[in-house]
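Below you'll find the structure, written out as structure tokens, and then a few comments.
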Amino acid sequence: MTEPPEFPPPAPTPPPPSPGQQPLPSYGQQPPPPPYGAPPAYQPPRKTGTNGFAIASLVFGIIGGCLLGLIFGIVALNQIKKNGQQGRGMAIAGIVLSVLWFLVIVVLGVVGAMDSAERDEKGTITDSGQVNSKDLEVGDCIRALEETKALADVPAVPCAEPHRGEVYAVVQLPGVEYPSEATFDKQSGQRCSNQLKKIAPAAFRDPKVDIFYVYPLERSWAAGDHEVTCIATTTETRTGSIKD
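Written as structure tokens, this is what we have:
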């Protein structure tokens, strides 16, 4: 009797890979590339050109607008630092010029205050100095007067000191529209002459006494100032009041 053929036993089955274990790539195979990163956040474009506040600061610094020039200059420097615009030099120049203008104004104000005439509680001038023509009061004495239409400041002195002019009256002119120069001369001359004759008859008859008057400018007239200041002038210096 023939025996059946013998077969070899089956090969053992390899164990399954453990969780998380990845099979190694075969020779020549590269690992997959990493994923692409997220695109960068959007950046707004930087402003170019010259900063407008810097230009304005320089302009106001040149023309004497010290407060605006200083403010615009500071604003310009802050904006330029953030957006990279041009004009930093203009802003700095505007600030410097504005500060210089401010110092000039302060110095002029101090000098003007030191040079102004002083008055007592009654308004009488007690110390000589400059007085603006629109601030002259009855009884003020003036060292000298210049023959000019644009009278600004006058050298006022106490009437006990030598002088050649004295404010003796302030009169009102009628009308609404600004008078012509001829009308001013006629009306002011008549009213000031009548006041001098009434207040100081001796001075009115004195040939050495003349009449000078100061009338308002057109813009002052439009604002309601119709006053004319009457001043008695003398050819020679004198002391005391013309009323004495």
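Numbered per my numbering, the sequence shown finishes at 250, counting up by one with no gaps. All residues carry an ideal CB built from backbone N, CA and C; glycine is no exception. Just so it is clear, the structure is predicted and the values come from calculations on it, not from any experiment.
Unbroken alpha helix (DSSP H) run spanning residue 149, endpoints: Residue numbering aside, residue 149 sits at position 143 when the sequence shown is read from its first letter. Premise fails: residue 149 is in no alpha helix (DSSP H) and is neither H nor E.
Helix, strand or coil for residue 207, going by three-state DSSP, please let me know. To locate residue 207, count along the sequence shown from 1; it is residue 201. In the structure shown, residue 207 sits in a helix (DSSP, three-state: H, G or I).
Between the CA atoms of residue 123 and residue 137 - distance to the nearest angstrom: Start at 1 with the first residue of the sequence shown, and residue 137 comes out as number 131. Start at 1 with the first residue of the sequence shown, and residue 123 comes out as number 117. Approximately 6 Å, taken between the alpha carbons.
Taking a contact to mean a Cβ-Cβ separation below 8 Å, would you say residue 186 touches residue 158 in this structure? Here residue 186 refers to the residue found at position 180 when the sequence shown is read from its first residue. Here residue 158 refers to the residue found at position 152 when the sequence shown is read from its first residue. Not closer than 8 Å, so no.
Spatial distance of residue 146 from residue 162 (CA atoms): Mapped onto the sequence shown, residue 146 falls at position 140. Mapped onto the sequence shown, residue 162 falls at position 156. So the alpha carbons of these two residues sit roughly 7 Å apart.
Might you give, ordered along the chain, the residues of its own chain that have their beta carbon closer than 7 Å to the beta carbon of residue 63, omitting 5 neighbours on each side? Taking the first residue of the sequence shown as 1, we reach residue 63 at position 57. These residues qualify, in order along the chain: 75, 78, 79, 82, 96, 97, 100 and 101.
So, at 8 Å on beta carbons, what are the nonlocal neighbours of residue 70 in its own chain, with the 5 sequence-adjacent residues on each side left out? The sequence position of residue 70 within the sequence shown is 64, counting from 1. Hits under 8 Å: 107.
Based on the DSSP secondary-structure assignment, which residues constitute the bridge partners of residue 201? Start at 1 with the first residue of the sequence shown, and residue 201 comes out as number 195. Paired residues: none, contrary to the question.
On the DSSP bridge list, what partners appear for residue 124? Locating residue 124 in the sequence shown gives position 118, where the first residue counts as 1. Its beta-bridge partners are 133.
Please classify residue 172 as buried or exposed, where buried requires at least 16 neighbouring CB atoms within 10 angstroms. Residue numbering aside, residue 172 sits at position 166 when the sequence shown is read from its first letter. So residue 172 counts as buried.
Flag this pair as touching only if the stretch 205 to 218 and the stretch 240 to 248 have three or more C-beta atom pairs under 8 Å; answer yes or no. yes
Mind reading off the beta-carbon distance from residue 177 to residue 197? Whole number of angstroms is fine, and I expect it under 8 Å. Here residue 177 refers to the residue found at position 171 of the sequence shown. Here residue 197 refers to the residue found at position 191 of the sequence shown. The pair is a contact, with the Cβ atoms about 4 Å apart (cut-off 8 Å).
Residue 86 versus 110, 166 and 61, residue with shortest Cα-Cα distance: Indexing the sequence shown from 1 puts residue 86 at position 80. Per the Cα distances, 61.
Spatial distance of residue 130 from residue 180 (CA atoms): Taking the sequence shown and counting its residues from 1, one reaches residue 130 at position 124. Taking the sequence shown and counting its residues from 1, one reaches residue 180 at position 174. Those two C-alpha atoms are separated by around 29 Å.
CB of residue 174 within 8 Å of CB of residue 193, strictly: By 1-based counting over the sequence shown, the position of residue 174 is 168. By 1-based counting over the sequence shown, the position of residue 193 is 187. No, these two residues do not count as a Cβ contact at 8 Å.
Endpoints, alpha helix (DSSP H) assigned at residue 224: On the sequence shown, residue 224 is found 218 positions in, with the first residue counted as 1. Looking at the DSSP string, the run of the alpha helix (DSSP H) that includes residue 224 is 224 to 228.
At what residues does the beta strand (DSSP E) containing residue 158 begin and finish? Residue numbering aside, residue 158 sits at position 152 when the sequence shown is read from its first letter. Unbroken run through residue 158: none, as it is neither H nor E.
Would you kindly work out how many angstroms separate the C-alpha atoms of residue 249 and residue 229, rounded to a whole number? Working through the sequence shown from its first residue, we reach residue 249 at position 243. Working through the sequence shown from its first residue, we reach residue 229 at position 223. Approximately 33 Å between the Cα atoms of the pair.
Kindly indicate the opening and closing residues of the beta strand (DSSP E) around residue 237. What you label residue 237 is simply residue 231 of the sequence shown in a count that begins at 1. Run containing residue 237: 233 to 244, per the beta strand (DSSP E) assignment.
Which residue spans inside the stretch 65 to 120 form an unbroken alpha helix (DSSP H) run of at least 4? 72 to 89
Check whether residue 144 and residue 151 have beta carbons under 8 Å apart: Here residue 144 is taken as the residue at index 138 of the sequence shown, counted from 1. Here residue 151 is taken as the residue at index 145 of the sequence shown, counted from 1. Contact flag unset, no.
With distance defined between alpha-carbon atoms, name the residue in 148, 225, 208 and 212 nearest to residue 235. Translated into positions along the sequence shown, residue 235 becomes position 229. Closest option to residue 235, Cα to Cα, is 148.
Return yes when the Cβ of residue 58 is within less than 8 Å of the Cβ of residue 103, no when it is not. Position 97 of the sequence shown, counted from the first residue, corresponds to residue 103. Position 52 of the sequence shown, counted from the first residue, corresponds to residue 58. Not a contact, by the Cβ cut-off of 8 Å.
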